[in-house]
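Just so we're aligned, residue 7 is where the sequence shown starts under this note's numbering, counting upward by one.
Written out below as structure tokens is the structure these notes cover.
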Amino acid sequence: MFFITFRFQLYSTYKWVDSLPPAILTRDEVQGGWFGPDHKDLKQEADKRLPKVMEAVESMIETHYRFKSYQTEVQAISKLGITALLKL
């Protein structure tokens, strides 16, 4: 229950938008009023960008795990002394 309340407070106050790294969102990239973009403008732009960013992060994690499993396979093959002869 605490986490849900905390998440709601954080999301509703837009403080999380200020914590985004520049690779995801900067104030200069978002158009706003006379005084620049407000938190609502930044949040709307972040909401547009985050799904694509999360997809890229998930892809990187999957690739990392794939390479890790390849490395484990190669180590096992090497440890067992298995060699492959290729005929071309």
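Virtual Cβ for every residue (Gly too), placed ideally from N, Cα, C.
- Taking the C-beta atoms as reference points, Val36 is found nearer than 7 Å to Asp47.
- Where Leu56 is concerned, the enclosing alpha helix (DSSP H) starts and stops at His45 to Leu86.
- Nearest to Ala29 by C-alpha distance, out of Val63, Lys21 and Tyr76, is Val63.
- The three-state secondary structure of Val23, taken from DSSP, is helix.
- Using a Cβ distance threshold of 7 Å, Leu31 and Ala52 count as a contacting pair.
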